[in-house]
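Numbering-wise (this note's numbering), the sequence shown opens with residue 1228 and increments by one.
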Amino acid sequence: MNKTPVITYLKLVCVALFWGGTFIAGRLVAKEIPHMIAAFIRFSVASILLLLLAWRLEGGLPKLTRQQMHATFSLGATGIFLYNLCFFAALERMPAGRTALFVALNPIVTALALAMLFGERLSKLRWLGILIAFAGAAVVITRGDLLGAVHDLSQSVGKGELFMLAAICGWAAYTIIGRHALKGLSPIAATTYASLWGLLLLGIGAALEIPRFEPAHMSLQVIAALVYLGAFGTVIGFVWYYEGVKSIGPARTAVFNNLVPVFGISLGALILGEPILTSMIIGGLLVIAGVTLTNKT
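In structure tokens form, the structure reads like this:
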């Protein structure tokens, strides 16, 4: 029986670290420039790097079949356009660490969609891991006050939370579509085409935001954050994530997103001085336990 190389899991942990950092970078950017413009700059950087990477490693991009064109467009519309629109909107309204916590819900949405739409079966052990991870996310999202959230949901879930929930749905769709888009396409080619489609859609939205854009807000910090989002949060992160999808499947790959909140909270505290609550620690430990269980074979 073939075993998944350890390097695959190490790369997915690094992806979670990079994506945890995107919430800090995104928080810095979201307050300074319009969201569509921010996302457009992010994917302009990413698309240039991806095109260079595709040319360097694979001799360029392959010609798409009609099915691949539809699939990669769907990737761009969900995981890039929709996700980034909601991502920056959420970060404008919530602290970076708290926003990152919502990523822990992604494996639940992905697994449920796979089960309902594609009839994919998950073992009892993996479902238990997902439920434990969800419990950890619930603890952190409600700041440990689960009963209070039941009586008054608005105290835990506002506009920022709703935007992030929409982003998670977009990312779940991106994960599932990715399995089909990868047929006949390398991770680099699929990611590059998805980024180019997403860049096109974001460009239309960014054009409408130009009247609100103030160049004076493009400080060195904002520029550095955008480059980080494009290079680490997109190019390296997306390519390694898709290698995981191809190697161990979308459901198991998606579970590594549960590590993103852990890194997001830690980096938010270290870089932005955001508080770490007891509920964040307890919830984070539950999330890690869930990831471990879900990836047991």
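For every residue, glycine included, the Cβ atom is placed at its ideal position computed from N, Cα and C.
Backbone CA spacing between Leu-1277 and Arg-1348 [nearest angstrom]: Position 50 of the sequence shown, counted from the first residue, corresponds to residue 1277. Position 121 of the sequence shown, counted from the first residue, corresponds to residue 1348. Rounded to the nearest whole angstrom, the C-alpha separation of Leu-1277 and Arg-1348 is 34 Å.
Runs of alpha helix (DSSP H) wholly within the stretch 1384-1472 (minimum 4 residues, chain order): DSSP runs (the alpha helix (DSSP H)) wholly in the stretch 1384-1472: 1386-1408, 1414-1436, 1447-1457.
Leu-1278: first and last residue of the uninterrupted alpha helix (DSSP H) it sits in: Stepping through the sequence shown from its first residue, residue 1278 is reached at position 51. Note, Leu-1278: alpha helix (DSSP H), 1262-1285.
Whole-angstrom C-beta distance between Thr-1402 and Val-1472, which should lie under 8 Å: If you number the sequence shown from 1, residue 1472 lands on position 245. If you number the sequence shown from 1, residue 1402 lands on position 175. Between the beta-carbon of Val-1472 and that of Thr-1402 there is about 7 Å, and that keeps the pair under the 8 Å contact cut.
DSSP-derived helix/strand/coil call for Lys-1290: Here residue 1290 corresponds to residue number 63 of the sequence shown, with the count starting at 1. In the structure shown, Lys-1290 sits in coil (DSSP, three-state: anything other than H, G, I, E or B).
Ala-1365 - containing alpha helix (DSSP H), residue span: Sequence index remark: in the sequence shown, residue 1365 carries index 138 (1-based). Counting along the chain, the unbroken alpha helix (DSSP H) around Ala-1365 starts and ends at 1351-1368.
Alpha carbon of Met-1502 to alpha carbon of Leu-1255, nearest angstrom: Looking up residue 1502 in the sequence shown gives position 275. Looking up residue 1255 in the sequence shown gives position 28. Checking the displayed sequence, the identity of residue 1502 turns out to be Pro instead of Met. Between the alpha carbons of Pro-1502 and Leu-1255 lies a gap of roughly 17 Å.
Close beta carbons around Ala-1458, own chain, < 7 Å, minus the five adjacent residues each side: Residue numbering aside, residue 1458 sits at position 231 when the sequence shown is read from its first letter. A distance below 7 Å between beta-carbons, with the five flanking residues on each side excluded, links Ala-1458 to the following residues of its chain, in chain order: Val-1272, Leu-1276.
Cβ separation of Met-1391 and Thr-1480, assumed to be a contact under 8 Å, to the nearest whole Å: By one-based count along the sequence shown, residue 1391 stands at place 164. By one-based count along the sequence shown, residue 1480 stands at place 253. Approximately 20 Å separates the beta-carbon atoms of Met-1391 and Thr-1480; this is outside 8 Å, ruling out the contact.
DSSP-derived helix/strand/coil call for Leu-1254: Residue numbering aside, residue 1254 sits at position 27 when the sequence shown is read from its first letter. It is worth fixing the name first, because residue 1254 is Arg in this sequence and not Leu. Assigned with DSSP and collapsed to three states, Arg-1254 falls in helix.
Among Lys-1238, Ile-1251, Thr-1299, the one whose alpha carbon lies nearest that of Gly-1425: What you label residue 1425 is simply residue 198 of the sequence shown in a count that begins at 1. Taking only the C-alpha atoms, the option nearest Gly-1425 is Thr-1299.
Which of helix, strand or coil DSSP assigns to Pro-1477: Start at 1 with the first residue of the sequence shown, and residue 1477 comes out as number 250. In the structure shown, the three-state DSSP call for Pro-1477 is helix.
Same chain only: Cβ atoms within 8 Å of Glu-1470, ignoring 5 sequence neighbours per side: Numbered from its first residue, the sequence shown carries residue 1470 at position 243. The residues Thr-1235, Lys-1238, Pro-1414, in chain order, have a CB closer than 8 Å to that of Glu-1470 in the same chain once the five nearest residues on each side in sequence are set aside.
Beta-carbon gap between Ile-1492 and Gly-1511 smaller than 9 Å: For the purposes of this step, residue 1492 is taken as residue 265 along the sequence shown, with counting starting at 1. For the purposes of this step, residue 1511 is taken as residue 284 along the sequence shown, with counting starting at 1. Contact flag set, yes.
Unbroken alpha helix (DSSP H) run spanning Phe-1345, endpoints: By 1-based counting over the sequence shown, the position of residue 1345 is 118. Phe-1345: member of the alpha helix (DSSP H) spanning 1333-1345, first to last residue.
Cβ neighbours of Gly-1430 in the same chain (closer than 8 Å, five flanking residues each side left out): Numbered from 1 along the sequence shown, position 203 holds the residue referred to as residue 1430. Setting aside the 5 residues that flank it on each side, Gly-1430 is surrounded in the same chain by Phe-1267, each with a C-beta closer than 8 Å to its C-beta; the list follows chain order.
Host alpha helix (DSSP H) of Val-1489 (start-end): Position 262 of the sequence shown, counted from the start, is the residue given in the question as residue 1489. Following the DSSP letters along the chain, one finds Val-1489 inside the alpha helix (DSSP H) bounded by residues 1486-1499.
Classification of Leu-1284 by the beta-carbon crowding that lies within 10 angstroms, buried from 16 upward: Position 57 of the sequence shown, counting from 1, holds the residue named residue 1284. It is exposed - the Cβ of Leu-1284 has fewer than 16 other Cβ atoms within 10 Å.
At least three beta-carbon pairs within less than 8 Å, the stretch 1287-1302 to the stretch 1352-1369: Counting Cβ pairs under 8 Å, fewer than three are found: no touch.
Which of helix, strand or coil DSSP assigns to Arg-1348: For the purposes of this step, residue 1348 is taken as residue 121 along the sequence shown, with counting starting at 1. In the displayed model, Arg-1348 falls within coil according to three-state DSSP, outside both helix and strand.
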